[in-house]
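What follows is a set of notes on a single structure, which appears directly below.
2 protein chains.
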Amino acid sequence: MEIRVVRSVREKNRELAHDVRQHLRERRSVMFNFMSSPGSGKTTLIEKLVPLLQQRGYNPAIIEGDVTTAIDAERLNHLNVPISLINTEKFGGSCHLGPNVILGALETLSSDSFDVVLIENVGNLICPASYDTGSNENFVLVSVTEGEEKPLKYPVVFKRTTASLITKVDLVEPLGFDIGALRRNVLSVNPDHRIFELSSRTEAGLQSFADFLDERLKTYVAAL
Amino acid sequence: MEIRVVRSVREKNRELAHDVRQHLRERRSVMFNFMSSPGSGKTTLIEKLVPLLQQRGYNPAIIEGDVTTAIDAERLNHLNVPISLINTEKFGGSCHLGPNVILGALETLSSDSFDVVLIENVGNLICPASYDTGSNENFVLVSVTEGEEKPLKYPVVFKRTTASLITKVDLVEPLGFDIGALRRNVLSVNPDHRIFELSSRTEAGLQSFADFLDERLKTYVAAL
């Protein structure tokens, strides 16, 4: 008689996230995962962060997650850094990046040189938050066009990230957006959250967020 | 020997969507399903549509889908129409409304009087598009703050809906948004799509969209 041990998806994912971390340690690299709704500004933020990280002495690579198309990867191509594009429709139209596809993406970057990987997760505020990609740290973007109550309605992603990046703050005035209410809602869901107010258009806040990443990177690199 | 027939989830959902349609026919009601990213303006649009449908002689009810919280349902409470709130976290934190939960929601409305049901689906541009809720017609909202390329990146929801509702068009100018590019992208994915340009703030386009719904409702009611 054959006894089959069916491992849970959760357990399998935990092992794969561990493999991702092991892979990153071997490459002496750190990985940051950026999550948000579609259109919150993930691609543009990454486009702006890459040169700021380069100025601080790092060699970034990008993992670009989309259900379909290479639009975002092509937008980032001019940065001349290694990019691995994941189209999740090839994995069943999935609405998130799991550690399995991240491991595959890291393997496509095996001949490239980098020390920090920025993941642009699939545009979705729900599913990606439930998957450990093996990243060292996770960030959520929320644009001021999305409404002050988003942290209350989508608490999981705010609980499982270390900082909220409030994007498109140049639109606060034309929108009559209450940024204080958004901040209070973020902190009511996760009192430890760091909050950055950013505008990729005016570049407000970008240097200070890059400084924050620099600090975090130094801590992680020291622990490698 | 017992033979178990394991039905696929897909098949089960097809049957449940059929049950929803049957239930609606018995109640001589029509159902419209609104899908979009978080923050595209679904709640506000529904808030504006209810009185416009009432002016046209209909009795709307609302099914309000959220992962968690009653925030949106409470925002709509002042309309004094029947509302059924679905918190999908009670069904495993699901990122969409399936026909099973819609059937449950319709049952909570069994003692209410209505002839048109508006579904506010969970804020998500990916998963809801893959589930037949049993609605007569499906609509996708895309706000001008989300970027011109959204139909190319999330084609499924544009293929499985009959009209695109471009929301927040009052922000076209401050954003420098290219609405022509968005329209072209919608039509490249679904050449039959109707496109409405709406602003819940200035009320632009709302009467003409309500007229469109009125026409559709007359067609469906005639076929009941």
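Keeping their order, the protein sequence lines are chains A and B.
Using the numbering used here, the first residue of the first sequence is number 6, and each one after it goes up by one.
Using the numbering used here, the first residue of the second sequence is number 6, and each one after it goes up by one.
For every residue, glycine included, the Cβ atom is placed at its ideal position computed from N, Cα and C.
Just so it is clear, the structure is predicted and the values come from calculations on it, not from any experiment.
State the Cα-Cα distance for the pair residue i and residue j, rounded to the nearest angstrom.
{"i": "B/F214", "j": "B/L222", "result": "12 Å"}
{"i": "A/A209", "j": "B/G44", "result": "23 Å"}
{"i": "A/Q27", "j": "A/N105", "result": "13 Å"}
{"i": "A/L243", "j": "A/I184", "result": "Since the displayed chain A opens at 6 and closes at 229, residue 243 of chain A lies outside it and no answer follows."}
{"i": "A/F201", "j": "A/V174", "result": "10 Å"}
{"i": "A/A3", "j": "B/T49", "result": "Given that chain A is displayed from residue 6 to residue 229, the structure contains no residue 3 of chain A and the question cannot be resolved."}
{"i": "A/S118", "j": "A/E31", "result": "13 Å"}
{"i": "B/I51", "j": "B/E125", "result": "8 Å"}
{"i": "B/P179", "j": "A/P179", "result": "7 Å"}
{"i": "A/P87", "j": "A/N143", "result": "20 Å"}
{"i": "B/Q60", "j": "B/D219", "result": "10 Å"}
{"i": "A/S41", "j": "A/H198", "result": "16 Å"}
{"i": "A/R188", "j": "B/L29", "result": "42 Å"}
{"i": "A/D77", "j": "B/P160", "result": "15 Å"}
{"i": "B/S204", "j": "B/I68", "result": "22 Å"}
{"i": "B/A110", "j": "A/L111", "result": "44 Å"}
{"i": "B/K164", "j": "A/G62", "result": "45 Å"}
{"i": "A/F95", "j": "A/I131", "result": "The question names Phe, but residue 95 of chain A in the sequence shown is Lys. Cα to Cα, the separation comes out at about 20 Å."}
{"i": "B/Y136", "j": "B/L21", "result": "11 Å"}
{"i": "B/T166", "j": "A/N190", "result": "33 Å"}
{"i": "B/F182", "j": "B/V194", "result": "20 Å"}
So with Cβ pairs under 8 Å, would you call residue i a contact of chain A?
{"i": "B/P133", "result": "no"}
{"i": "B/D71", "result": "yes"}
{"i": "B/R15", "result": "no"}
{"i": "B/G185", "result": "no"}
{"i": "B/S42", "result": "yes"}
{"i": "B/I124", "result": "no"}
{"i": "B/P179", "result": "yes"}
Using a C-beta cutoff of 8 Å, does residue i count as contacting chain B?
{"i": "A/D24", "result": "no"}
{"i": "A/N92", "result": "no"}
{"i": "A/T113", "result": "no"}
{"i": "A/L170", "result": "no"}
{"i": "A/G103", "result": "no"}
{"i": "A/R9", "result": "Low confidence applies here, because A/R9 scores a pLDDT of 49, under 50, leaving its location unreliable and the question unanswered by this model."}
{"i": "A/T207", "result": "no"}
{"i": "A/I200", "result": "no"}
{"i": "A/L176", "result": "yes"}
Would residue i and residue j be called neighbours here (beta carbons separated by less than 8 Å)?
{"i": "A/V72", "j": "B/K158", "result": "yes"}
{"i": "B/L146", "j": "B/F39", "result": "yes"}
{"i": "B/V162", "j": "B/G70", "result": "no"}
{"i": "B/V55", "j": "B/L84", "result": "yes"}
{"i": "B/D37", "j": "B/N141", "result": "Sequence check: residue 37 of chain B is Phe here, not Asp. In contact: B/F37 and B/N141 (Cβ atoms closer than 8 Å)."}
{"i": "B/K53", "j": "B/L170", "result": "no"}
{"i": "B/L114", "j": "B/S89", "result": "yes"}
{"i": "A/R80", "j": "A/L229", "result": "no"}
{"i": "B/L102", "j": "B/T150", "result": "no"}
{"i": "A/I91", "j": "A/V25", "result": "no"}
Should residue i go down as buried or exposed, given a rule of 16 or more other Cβ atoms within 10 Å for buried?
{"i": "B/N82", "result": "exposed"}
{"i": "B/S116", "result": "exposed"}
{"i": "A/T224", "result": "exposed"}
{"i": "A/K236", "result": "Here chain A covers residues 6 to 229 and nothing more, so residue 236 of chain A does not appear."}
{"i": "A/A66", "result": "buried"}
So, does the CB of residue i fall closer than 8 Å to a CB anywhere in chain C?
{"i": "B/L130", "result": "Of the protein chains in this structure, namely A and B, none is chain C."}
Taking Cβ-Cβ distances below 8 Å as the criterion, which residues of the stretch 145-167 of chain A are in contact with chain B? S148, T150, E151, G152, E154, K155, L157, K158, Y159, P160 and V161
Residues in the stretch 55-87 of chain A having any Cβ partner in chain B nearer than 7 Å: D71, V72, T73, T74 and I76
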